[in-house]
Amino acid sequence: MLALMPLAKNVDLDKISEITYGYVGADISALSKEGAMHALRRLLPDIGIIKEDKPIPQEVLKKLIVTKEDFDHALKMVEPSAMREVMIEMPNIKWENIGGLEDVKKLLKETVEWPLKYAESYTRLGIRPSTGILLFGPPGTGKTLLAKAVATESGANFISVKGPELLSMYVGESEKHVREVFRRAKQVAPCIIFFDEIDALVPKRGASSDSHVTERVVSQLLAEMSGLEELRGVLVIAATNRPDIIDTALLRPGRLDRQILVPTPDEKTRLEIMKVHTKAMPLAGDVDINSIAAQTKGFSGADIEALCREAALFAMRKNLNTDIVSKKDFDEAMNEIKPSLTEEMNQFYDSMMRKKRSQVMDEDITYMG
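At position 190 of the sequence shown (counting the first as 1) the number is 217 in my numbering, and the numbers step up by one without a gap.
In structure tokens, the structure reads:
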């Protein structure tokens, strides 16, 4: 397909073949044409001065070489067919967009980024990377943001699935949905499959009123995850507020074997979250975000975001043309936005963290939500 195309020395066809996983023949053809057209557009100023009945001079034709930059442009313009069929995201959330949680970020970097970026190191040392991660913790603490950020930072595609949405009352449909999600992820690898509210999708077998449906879904999900052990480039991240009701078979080695607590923000983390959400906000000199962080015990990351937004809205209600948010605005917002996390919830998740050491959650813990 590229045999007659003049290529610059910086064009690495092996590299292009690696990053075009999921492209069919027609996609490769479109990619090649777009690269050539981009090269041609660069020469339009030179070609434009030539009369229509005159051939293009050799010195201009010699400049018509397709470069790496032309292919980089084409890769942004031509989407693989597999990605057009599904809701594939390419998130733009970075680590810097998430305040605090440094320990959690470190674990995610090691578990997700390293296998994708340094695959040869795993091969050299004879180890297999994890195929699944369970993020658990109180609601609003940033589990979805973390999953999107690690996809962005690792350069992976992202398929997001909400557990309740995947379930179907029609016999066999739910399992079909699960198979389809994994099939598509393999087509567009490297890819992260993110199951939000996975407790709704795979509760402990026998515990659901629709136990026959959920048991089939659990079995299908286990089968798909077992198949990932031989396939590099696809990883499952699941999130839940209720790790105690997830089928324990899903938490064993080779499945969601890395279980990470995303905790209630402490004061230091709350300060970092405040910095993220006030970064572009013009604050009055009397606003002390350190003091606000100290006053927001029990606030989740989502609560703090809501607090900052509400403070700005209070400022706008007073004057739509205002260009500053004051301490009084934050004080009024504090009266409206209340903490959503309780000490009982913290104790519950701390207990889950201690119990998970055996890799399987014990069943004798009661959720206090």
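The C-beta atom is built at its ideal place from N, Cα and C for all residues, glycine as well.
- The C-beta distance from I273 to D226 rounds to 5 Å, short enough to meet the 8 Å contact threshold.
- Residue state for T94 is assigned as coil, using DSSP reduced to three classes.
- In the three-state reduction of the DSSP assignment, L128 falls in the coil class.
- Pairing P280 with S253, the inter-Cα distance amounts to about 10 Å.
- With contacts defined as CB atoms closer than 9 Å, A183 and L135 fail to qualify as a contacting pair.
- Around the beta carbon of M117, fewer than 16 other beta carbons sit within 10 angstroms, so the residue counts as exposed.
- Taking 8 Å as the upper bound for CB-CB distance, K132 and W122 are in contact here, some 6 Å apart.
- Look at the stretch 159-217 and you find these whole runs of beta strand (DSSP E), each 3 residues long or longer: 159-163, 184-189.
- In this structure, A57 keeps its C-beta atom at 9 Å or more from the C-beta atom of T168.
- Distances from the CA of H65 to each of D41, N37, E96, A53 were compared; the closest alpha carbon is that of E96.
- Here the stretch 319-326 makes contact with the stretch 364-373; the two share three or more CB pairs at distances below 8 Å.
- Close CB contacts of K60 within its chain, under the 7 Å cut and outside five residues either way in sequence, are absent.
- With a cutoff of 9 Å on beta-carbon distance, P165 and P290 are scored as near each other.
- In terms of Cβ geometry, E202 and R269 do not form a close pair [threshold 9 Å].
- The alpha-carbon separation between I219 and R282 amounts to approximately 14 Å.
- Secondary structure at T267: strand, using DSSP grouped into helix, strand and coil.
- One thing to note: T275 has its Cβ no nearer than 9 Å to the Cβ of K302.
- For L143, no beta strand (DSSP E) segment is defined; the enclosing uninterrupted segment is the alpha helix (DSSP H) at 141-144.
- Minimum Cα-Cα distance from G312 among the listed residues L298, K295, R336, D356 corresponds to D356.
- In the DSSP assignment, R285 is bridged to I160.
- For E106, the three-state secondary structure derived from DSSP is coil.
- Around the CB of A212, 16 or more other CB atoms lie within 10 Å, so the residue is classed as buried.
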